[in-house]
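Heads up: the sequence shown begins at 156 in the numbering used here, then just goes up one per residue. Built from N, CA and C at the ideal position, the CB exists for glycine as well. One structure is given below, encoded as structure tokens.
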Amino acid sequence: DINYMLSYVRAHPKVYLDEIQDALSMYRSVNVSLATISRALRRMAFTNKAVSKAALERNEMLRGIWQVEYGHHPADYYVWLDESSVDDFTNARRSG
């Protein structure tokens, strides 16, 4: 079951502890506490990393489309402006 949990976390890097608990219960018929899962992850050297806002909003498909449409122009043709913004997810929880 440790091997299952390890492979599950590697396949789903943004997973929450309760989601791991549900997967263990559903697919392995094992009922464990969130604290046990947390300790097991720590022993396997997993850390509690936060997902950055940029990573959450990144869309590789849109980036590729933009590069096809505008990639033929020299980089010095562009002027980039930075706009600070607030959205519904600014204060959202980013870690498990």
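Check: Distance CB(L196)-CB(Q176) smaller than 8 Å; Outcome: no
Check: Exposure of I220, with buried meaning 16 or more beta-carbon neighbours within 10 Å; Outcome: exposed
Check: Complete runs of the alpha helix (DSSP H) confined to the region 161-224 [at least 4 residues]; Outcome: 172-183, 189-198, 208-212
Check: V223 burial status per 10 Å Cβ neighbour count (16 or more: buried); Outcome: exposed
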